[in-house]
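If you read the sequences in order, they're chains D and B.
Residue numbers 1 to 324, in our numbering, belong to the letters of the first sequence in order.
Residue numbers 325 to 654, in our numbering, belong to the letters of the second sequence in order.
Virtual Cβ for every residue (Gly too), placed ideally from N, Cα, C.
To keep things clear, I will list the structure first and then write my remarks on it.
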Amino acid sequence: MPLLEVTDLRTSFHTRSGVYRAVDGVSFSLGKGETLGLVGESGSGKSVTCYSLMGLVPQPPGRIESGTAMFDGIDLLHCAPAQARQIRGKRIAMIFQDPMTSLNPYLRISEQLIEPLLIHEKISKADALVRGLAMLEAVGINDAAKRIHSYPHEFSGGMRQRVMIAMALITKPEILIADEPTTALDVTVQAQILELIKKLQSELGMAVIFVTHDLGVVSGLCDRVQVMYAGRIVETADTRTLFRSPRHPYTKALQRSIPSLQPKGKELYTIPGLPPDLSKPIAGCAFAPRCEFAVDRCRTTDPRLVAINPGHATACVRVQSAEI
Amino acid sequence: MPAPILQLNDVKTHFPVSSGFFVRHQTGTVKAVDGVTLSVARGEVLGLVGESGCGKSTLARTILQLVPTTGGTVILEGRNLTSASAAEMLLARRDLQMVFQDPFASLNPRMTVYATLAEPLLVHKVVPPDQVRARVTALMEKVGLSPRFLEKYPHEFSGGQRQRIAIARALALEPKVIIADEPVSALDVSIQAQILNLLSKLCREMNLALIFIAHDLSVVKHISDRVAVMYLGKIVELGPAVEVIEHPRHPYTRALVSAIPTPDPDIERGKKRLVLPGDPPSPLNPPAGCAFHPRCPYVQEKCKVSVPPLIPCGPNREAACVRLDEIGAQ
Ligand SMILES: Nc1ncnc2c1ncn2[C@@H]1O[C@H](COP(=O)(O)OP(=O)(O)OP(=O)(O)O)[C@@H](O)[C@H]1O
Ligand SMILES: Nc1ncnc2c1ncn2[C@@H]1O[C@H](COP(=O)(O)OP(=O)(O)OP(=O)(O)O)[C@@H](O)[C@H]1O
Ligand SMILES: [Mg+2]
Ligand SMILES: [Mg+2]
């Protein structure tokens, strides 16, 4: 049985200018100890998927329209607030994309760091501080003892991001949802953080949902990858298969855009066109207007995510009928 | 070499650090930027890389005079910004724009995208009022955002969309120099490529000088003409981007380059990394001599004695290591 099973999650934002279907029917499962990469177009609903699981979608304007997310027999999307508090922040923790906005500028790092411990465990403030300090050291903050009482603005972008990571890991969660946790980190510190996550995974069997744009990080860390476009999953496979033989035209185009694989001095390949307006109904495949393989059928048939090989599914009707 | 548009001479920015939970007292100084000399020419892209916390953002904020400079001078087209009055600085701002690392914190949450982009155009009277809307729409298209977003507020956007609004705002005044602090790290690779193409094109066509701060060395290599590597407040290596990243000379640059993740699961998992021993140094209590010596695989006694200066090591290249000749090129 998977640790987490998400079925048909739909989250929209009801704004003055219309209803935005940010997440539009997402289903996936996550096993114990598994690392699932979530990649895709900026604005495709990766963060909103994570927020929905964490109960952090601002409502209104947000609304969870449908779906279930089963964790240990409990539906995270519909459980009682008291039950949710027992799980979120303790058994499921999240690292946010914006470290500065998710740290309180008026509170010292120390207070924010140990808050989850004080809430979820019977622990004295002094003991919590000891663990907070150890965690700050584990994420590579130097002179942690001297700097733990600083305010967020006194830390660099990467240091704040590491504080967020320490806060998420301090309760030893069963699932870590990491939304671009290493974007502000240099490659050596990034490598150190990824090692720390791997270590906690092998020690605690922690499962990880890792949202990132860095396909290099995905290659090294994730067991399986899910590609999102316009609120839906368009392809999923084990990491090796996804990099070696991507099938969905969006995944292929994404891979073609990686700067390091293109010659210097030339204009970089980019996917032509703009992503669709999620407040308008989309006929057929959302990627069709930008897809070089699109035919008439793509603009009328709603593609479903269907397995084309064991463990490899794609939402492209032309791939499914073996035309491309 | 053409005359530089921006010149930094021995720039220093130090912060006092205080500690204590109840009573805070100064316990030290963080030398966030500690003697940086650099120049950027018109149309040039200078990549700035280095460990988290080494002072890249502080250097950027120092150039814009957003933090008080402890020492040295910042010269923009012959104007000394370190001694400029508020009025002079306002004028200079038009030529010198910044894209901040944290786009959410730098966008006003109560202003729509339209207002955010129109404001600089109106304040600096760039175009007549009746043309503002057209200009704003053009800016949105430049960064790959649909004009239908104009009446939205920052919180209604994804991280990557906000980043592009911040870039559009920096471009609004057609500045001569842009300092972009991690401008593409929150973007998917296709939009990354789009922004990189846009920035390169602006540099070429409008002779824009760009200081590009990033952690992704493959992106830095792609866009930059030259790259400067920082370690603990100082530049430790400087030279043509491809040369420095493909054939790094300073031991820190070597470690940095070896840690670049490759988008290939087979290579990535089998790869040998030059793992740096020990922790990043404390900026509060920097090591004596070369700041990198406690983690350097090539360390010798002489490295602990004095701070190594940047010395020439090849065409247009410099590195700050006393053992360059002994450890050779990679
Ligand atoms: N509070 C909100 N109100 C209105 N729309 C929103 C809100 N939050 C998110 N959205 C919209 O939902 C969509 C999905 O956003 P989300 O943040 O999940 O994207 P993402 O995949 O994480 O992108 P990125 O890679 O840029 O972080 C976007 O189009 C965004 O504009
Ligand atoms: N206002 C401040 N008060 C005290 N210390 C500060 C302040 N701003 C920055 N620092 C310190 O200066 C050093 C350099 O910070 P800076 O933000 O310039 O790093 P950076 O190279 O941009 O790192 P990153 O890659 O993580 O963004 C850090 O040790 C940081 O803690
Ligand atoms: Mg996001
Ligand atoms: Mg920074």
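Quick one: grab the DSSP three-state call for E235(D).
In this structure, E235(D) counts as strand in the three-state DSSP scheme.
When the Cα of G40(D) is compared with those of K252(D), L305(D), A294(D) and L169(D), which residue comes out closest?
Taking only the C-alpha atoms, the option nearest G40(D) is K252(D).
Three-state class that DSSP yields for H546(B) in the structure shown:
When secondary structure is reduced to three states using DSSP, H546(B) falls in the helix class.
Whole-Å CB distance - V631(B) paired with C620(B), under 8 Å assumed
Contact flag wrong, Cβ pair sits at about 14 Å.
Please list, in chain order, the chain D residues whose beta carbon lies closer than 7 Å to that of P605(B).
Correct list: N142.
Reduced DSSP secondary structure (H/G/I, E/B, other) of S102(D):
Reduced to three states, the DSSP call for S102(D) is helix.
Entirely within the segment 397 to 474 of chain B and at least 3 residues each: give me those beta strand (DSSP E) ranges in chain order.
Those beta strand (DSSP E) runs which fall completely within the segment 397 to 474 of chain B and span 3+ residues are 420 to 423.
In the structure shown, what three-state DSSP assignment does Y477(B) receive?
Correct three-state label for Y477(B): coil.
For F293(D), is the beta carbon positioned less than 7 Å from some heavy atom of ligand 1?
Checking every heavy atom of ligand 1 against the Cβ of F293(D), none is found closer than 7 Å.
What does R88(D) pair with, by DSSP beta-bridge criteria?
I92(D), per the DSSP bridge assignment.
In chain order, what residues of the segment 500 to 512 of chain B put their CB closer than 7 Å to some CB of chain D?
So the list reads E506, S509, A510, L511 and D512, given in the order they occur along the chain.
Does any heavy atom of ligand 3 sit closer than 7 Å to the C-beta of K46(D)?
Checking the Cβ of K46(D) against ligand 3 gives yes.
Which term fits I591(B), buried or exposed, when burial requires 16 or more other beta carbons within 10 angstroms of its beta carbon?
Classification for I591(B): exposed.
Residues of chain B with CB closer than 9 Å to the CB of F210(D), please, in chain order.
Going along chain B, no residue has its Cβ under 9 Å from F210(D), so there is no contact; the nearest lies around 13 Å.
Please determine whether the Cβ atom of K380(B) lies at a distance below 7 Å from any heavy atom of ligand 4.
Between ligand 4 and K380(B), a heavy atom-to-CB distance of less than 7 Å is present.
Cβ-based neighbour list, G132(D), same chain, cut-off 8 Å, excluding 5 preceding and 5 following
For G132(D), where only same-chain residues beyond five positions count, the Cβ hits under 8 Å are S110, L113, I114, L117, I148, A166 and I170.
Report all residues from its chain with a CB closer than 8 Å to the CB of I308(D); omit the five preceding and five following residues, and keep chain order.
Cβ-Cβ distances below 8 Å link I308(D) to R247, T314, V319 and Q320 in the same chain, with the five nearest sequence neighbours on each side left out; the list follows chain order.
Taking only three categories from DSSP, how would you classify Q617(B)?
The sequence given here places His at residue 617(B); Gln does not occur at that position. Helix at H617(B).
At a threshold of 7 Å, does G352(B) count as lining ligand 2 (C-beta to nearest heavy atom)?
No, the Cβ of G352(B) stays beyond 7 Å of every heavy atom of ligand 2.
Provide the residue span of the beta strand (DSSP E) that contains P661(B), from first to last.
The displayed coordinates of chain B run from 325 to 654. Any statement about residue 661(B) would go beyond what the structure contains.
Three-pair Cβ contact test at 8 Å for the segment 393 to 406 of chain B versus the segment 468 to 475 of chain B:
No, they do not touch.
Could you say which of R528(B), L400(B), V460(B) and K525(B) lies nearest to N333(B) if we only look at CA atoms?
The option with the nearest alpha carbon to N333(B) is L400(B).
Contacts that E65(D) makes with chain B (C-beta to C-beta distance below 9 Å)
Residues of chain B whose Cβ lies closer than 9 Å to the Cβ of E65(D) do not exist, since the nearest Cβ in that chain is about 18 Å away.
S470(B): which of Y438(B), L446(B) and A494(B) sits nearest, CA to CA?
Considering only alpha carbons, the answer is Y438(B).
Residue range of the beta strand (DSSP E) that includes V211(D)
Per DSSP, V211(D) belongs to the beta strand (DSSP E) from A207 to V211.
Taking DSSP's pairing of strands, which residues face K336(B) in a bridge?
In DSSP, K336(B) forms a bridge with D358(B) and G395(B).
Interface residues of chain D around D549(B) at Cβ under 9 Å?
Listed by position along chain D, the residues whose Cβ is nearer than 9 Å to that of D549(B) form an empty set, because the closest Cβ is around 11 Å away.
So V217(D) and A178(D) are supposed to be a Cβ contact under 8 Å. How far apart are they, rounded?
Rounded to the nearest angstrom, the Cβ distance from V217(D) to A178(D) is 10 Å, too far for a contact under 8 Å.
Is the beta carbon of Q331(B) closer than 8 Å to that of S363(B)?
Contact flag set, yes.
Please tell me whether M159(D) has its Cβ less than 8 Å away from any Cβ of chain B.
Yes, its Cβ sits closer than 8 Å to a Cβ of chain B.
Tell me the DSSP secondary structure of E115(D) in three-state form.
Helix at E115(D).
Shorter than 8 Å from the beta carbon of D588(B) to some beta carbon of chain D?
So, interface residue.
Residues, ordered as in the chain, of the segment 569 to 587 of chain B that lie near chain D by beta-carbon distance below 7 Å
For the segment 569 to 587 of chain B, the beta-carbon criterion of a distance under 7 Å to any beta-carbon of chain D is satisfied by A579, L580, A583, I584, P585, T586 and P587.
Please list, in chain order, all residues of the same chain as A492(B) whose beta carbon is under 8 Å from its beta carbon, the five residues on each side excluded.
Only L441, L463, M464, K466, V467 and L469 meet the Cβ criterion.
Element boundaries [alpha helix (DSSP H), containing N521(B)]:
Unbroken alpha helix (DSSP H) run through N521(B): V513 to M530.
List the DSSP bridge partners of M228(D).
Per DSSP, G40(D) and I233(D).
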